[in-house]
Each structure stands twice: as structure tokens, then as C-alpha cells.
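Peer 1: Starting off with a structure, shown below.
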Amino acid sequence: MPVDGVAETDRDARTVAEFEGSTEEAETALVRAANTFEHSIWKVRRREIFKCSSRSYFIRIKGRLATYGFLIQLAELVHDSDVKPVVQPFA
Numbered sequence: 004m005p006v007d008g009v010a011e012t013d014r015d016a017r018t019v020a021e022f023e024g025s026t027e028e029a030e031t032a033l034v035r036a037a038n039t040f041e042h043s044i045w046k047v048r049r050r051e052i053f054k055c056s057s058r059s060y061f062i063r064i065k066g067r068l069a070t071y072g073f074l075i076q077l078a079e080l081v082h083d084s085d086v087k088p089v090v091q092p093f094a
């Protein structure tokens, strides 16, 4: 697996997609995202996809003038402070 060095100030995290579904559906959507992700590159000349795990892929995209590396990962929302808890009455 390639390792690209990036300065801390140059790191940029963004959400590629959000959805609800099973683990299998999420992993399928991640593979689809890895195969189609282009960031802002005008013309993709070559795409290399490295599987790190079933929840993580490294993508190396070669454009006309430069080569870019992207790590895409599957994340599960485990807490949201904006969601009001549902209170269950005691039986």
C-alpha cells in the first residue's frame, strides 16, 4: 500500500456520501465511491484503488499534470447530540 506524506495543514476531510442501510450495503456503496471518486480533477488518466480493509480504500488518481492520493473510509454515526432521546415508559 502506498504511503503519501501530507503536511497537517494540507489535510482535508469531507463527506463523500451519507446513507442508511446494512453493513453490506454500506461496504458496497464504499466500493462504488472508490470507483467513481474524482475530487476536482479535470481528466483522470489512471485510477489505482488499494483495499486497506473492507471499510477503507486508498485511491491514487493520475491526472494530466499531477498525481493525487485519497483515503476514503466508511464511518458509522454512533452519537449525535442534536437528536432528542426517545424516552421509553416503564412497563
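Residue numbers (the numbering used here): 4 to 94. Even for Gly, the Cβ is constructed at its ideal location relative to N, Cα and C.
For F93, count neighbouring Cβ atoms within 10 angstroms of its own Cβ and tell me buried if that reaches 16, exposed if not.
Peer 2: As a working mapping, residue 93 is identified with position 90 in the sequence shown. The residue is exposed, with fewer than 16 neighbouring Cβ atoms inside 10 Å.
Peer 1: With a cut-off of 8 Å on the beta carbons, I'd call R50 and Q76 a contact; round off their distance for me.
Peer 2: Here the question's residue 50 lines up with position 47 in the sequence shown. Here the question's residue 76 lines up with position 73 in the sequence shown. Actually they do not touch by this definition, with Cβ atoms about 18 Å apart.
Peer 1: Report all residues from its chain with a CB closer than 7 Å to the CB of L80; omit the five preceding and five following residues, and keep chain order.
Peer 2: Stepping through the sequence shown from its first residue, residue 80 is reached at position 77. Hits under 7 Å: none found.
Peer 1: Could you tell me which residues DSSP puts in a beta bridge with S59?
Peer 2: Along the sequence shown, read from residue 1 onward, the residue named residue 59 stands at position 56. Paired residues: S56, Q76.
Peer 1: Exposed or buried, what is A69 when buried is set at 16 or more other beta-carbons lying within 10 Å of its beta-carbon?
Peer 2: Counted from its first residue, the sequence shown places residue 69 at position 66. With fewer than 16 Cβ atoms within 10 Å of its Cβ, A69 is classed as exposed.
Peer 1: Verify whether the separation of the beta carbon atoms of F53 and F61 is less than 7 Å.
Peer 2: Position 50 of the sequence shown, counting from 1, holds the residue named residue 53. Position 58 of the sequence shown, counting from 1, holds the residue named residue 61. Their beta carbons are under 7 Å apart, which means F53 touches F61 by this criterion.
Peer 1: T31 lies in the alpha helix (DSSP H); which residues open and close that run?
Peer 2: If you number the sequence shown from 1, residue 31 lands on position 28. First-last of the alpha helix (DSSP H) with T31: 26 to 39.
Peer 1: What separation, rounded to the nearest whole angstrom, lies between the Cα atoms of H82 and V89?
Peer 2: In the sequence shown, counting from the first residue as 1, residue 82 sits at position 79. In the sequence shown, counting from the first residue as 1, residue 89 sits at position 86. Cα to Cα, the separation comes out at about 14 Å.
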